[in-house]
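Novice:
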Amino acid sequence: MPILTIESTCDETAAAVISDGGSVLGECVATQETLHEQFGGVVPEVAARAHVERILPVIDTALRKAGLQGADLDAIAVADRPGLAGSLLVGVVAAKTLAVAWKKPLVAINHLHAHLYACQMAADLSVYPCIGLVVSGGHTSLYHCTSPLDLEYLGGTIDDAAGEAFDKVGAMLNLGFPGGPAVSRLAAQGDPKAHAYPRSMLKEPGYRFSFSGLKTAVRYSIAPPGVKDFSNINLSDQAKADICASFQAAVVDVLVAKSVRAVKAYEAGFLIVGGGVAANPVLRTGLQTAAEKNGFQLVIAPMNLCTDNAVMGAIALEKIRRGEFAPLDLDITAGLQRGF
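Heads up: the sequence shown begins at 13 in our numbering, then just goes up one per residue.
Here's what the structure looks like:
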């Protein structure tokens with residue numbers, strides 16, 4: 013029997029119906045991009061209110077696409093961590109309500125682990141054991157994964173995540189919202205060697221990341237110290253493109269190097285990569301080149317499963333097979349997730 017999966021960790025309201033074999037029977041994603049564009053970033057209260065308005069229509073759409081009703085489901089799965097508190101609450105309350113109404117068991121999903129599971133869904137064979145890289149707006153983390161549910165945290169960012177740094181650079185250059193994709197598009201027209209930006213913590217042993225210093229270096233390329241109002245800074249389109257390309261190259265170099273380091277240390281045959289920044293074309297190319305050079309297989313989540321979605325909630329099937337269900341008093345774990 014199929015399951016219903018619900019995703020509402022940040023600013024995407026999503027639901028999907030997944031068969032017990034992992035096939036997508038129906039899905040729906042409602043984006044909030046236009047709601048947050050005027051603020052230049054995601055506003056938690058606005059996001060939560062939008063989830064309240066959209067959660068039931070999104071679930072209904074996913075079920076109708078699958079041609080199913082609540083009685084046809086085997087379980088209700090929902091992301092309970094990490095994320096924005098209000099956004100998570102909307103999804104969890106909806107899932108618990110439907111679980112009671114339809115008399116179905118509840119399954120809790122770790123949003124970060126689900127991002128990595130999207131890679132397994134796209135693979136033709138098992139990717140485990142492997143090294144997993146989650147690279148998104150809030151998280152940059154490396155894991156040693158022996159199964160979809162058994163992950164050892166190796167290290168992650170100690171300040172800004174890669175996606176967060178992309179968005180902040182986009183904001184400094186007034187590229188609009190979301191900033192990350194805009195930076196990537198503009199970088200395609202620039203010179204990645206125009207600025208010698210730092211590759212932070214690259215020579216330090218281990219798997220920690222830091223992108224705050226890189227972001228500061230970019231800031232001083234745009235305006236000198238003491239200048240707070242960037243609106244009066246006039247940079248040519250080519251100057252902006254060069255900054256974006258050089259910044260992107262620095263981020264990619266660090267992500268690739270640390271990932272390869274982990275693959276070699278654990279003698280892993282696979283590197284799997286998920287999260288919104290995994291859609292970046294330069295990162296995908298850099299990782300593929302590293303995989304061919306170092307003799308491991310690379311599996312990156314499909315483009316449509318890089319950003320937040322409910323299809324990756326199919327990881328709940330792994331929990332169901334283990335008999336790992338959540339109680340109806342399930343609570344959220346909000347905020348950024350470090351160390352697990």
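Cβ coordinates follow ideal geometry from the N, Cα and C atoms, glycine included.
(1) Whole angstroms are fine: how far does the CA of ILE18 sit from the CA of LEU340?
(2) Excluding the five sequence neighbours on either side, which residues of its own chain have a C-beta within less than 7 Å of the C-beta of VAL268, listed in chain order?
(3) Here's the rule: buried if 16 or more other CB atoms are within 10 angstroms of the residue's CB, otherwise exposed. What is LYS270?
(4) Quick check: the stretch 143-154 against the stretch 325-338, are at least 3 beta-carbon pairs closer than 8 Å?
(5) In terms of alpha-carbon separation, which member of THR73, VAL90, VAL311 lies closest to VAL139?
(6) Per DSSP, which residues does ALA26 bridge with? Please list them.
(7) Excluding the five sequence neighbours on either side, which residues of its own chain have a C-beta within less than 6 Å of the C-beta of ALA177, listed in chain order?
(8) When DSSP builds the beta bridges, which residues end up paired with ALA91?
(9) Excluding the 5 residues preceding and the 5 following SER159 in the sequence, name in chain order all residues of the same chain whose CB lies nearer than 7 Å to its CB.
(10) Any chance the stretch 124-144 sits against the stretch 311-328, with 3 or more Cβ pairs inside 8 Å?
(11) Can you grab the Cα-Cα spacing for the pair ASP50 / PRO190, in whole Å?
(12) With DSSP as the reference, please indicate the residues paired to HIS156 in a beta bridge.
(13) Tell me the rounded alpha-carbon separation between GLN250 and GLY202.
(14) In whole angstroms, what separates the C-alpha of GLY144 from that of ASN244?
(15) If contacts are defined as beta-carbon pairs under 8 Å, then CYS24 and THR43 qualify, I think. What distance do you get, rounded to the angstrom?
(16) What span of residues does the alpha helix (DSSP H) with VAL264 cover, start to end?
Specialist: This is what the structure holds:
(1) 16 Å
(2) GLY298, LEU299, ALA302
(3) The residue in question, LYS270, is buried, as its Cβ has 16 or more Cβ neighbours within 10 Å.
(4) no
(5) VAL311
(6) GLU19, VAL41
(7) PHE223, LYS227
(8) Looking at the DSSP output, ALA91 shares a beta bridge with ILE121.
(9) Cβ within range, chain order: TYR140.
(10) Pairwise C-beta distances place the stretch 124-144 in contact with the stretch 311-328, as three or more of them are shorter than 8 Å.
(11) The sequence as given places Gln at residue 50; Asp does not occur at that position. Distance between the alpha carbons of GLN50 and PRO190: 11 Å.
(12) According to DSSP, HIS156 bridges with ILE143, GLU164.
(13) 7 Å
(14) 42 Å
(15) Note on residue identity: the sequence assigns Glu, not Cys, to residue 24. About 6 Å separates the two Cβ atoms, so the contact holds.
(16) DSSP places VAL264 inside the alpha helix (DSSP H), whose first and last residues are 249-277.
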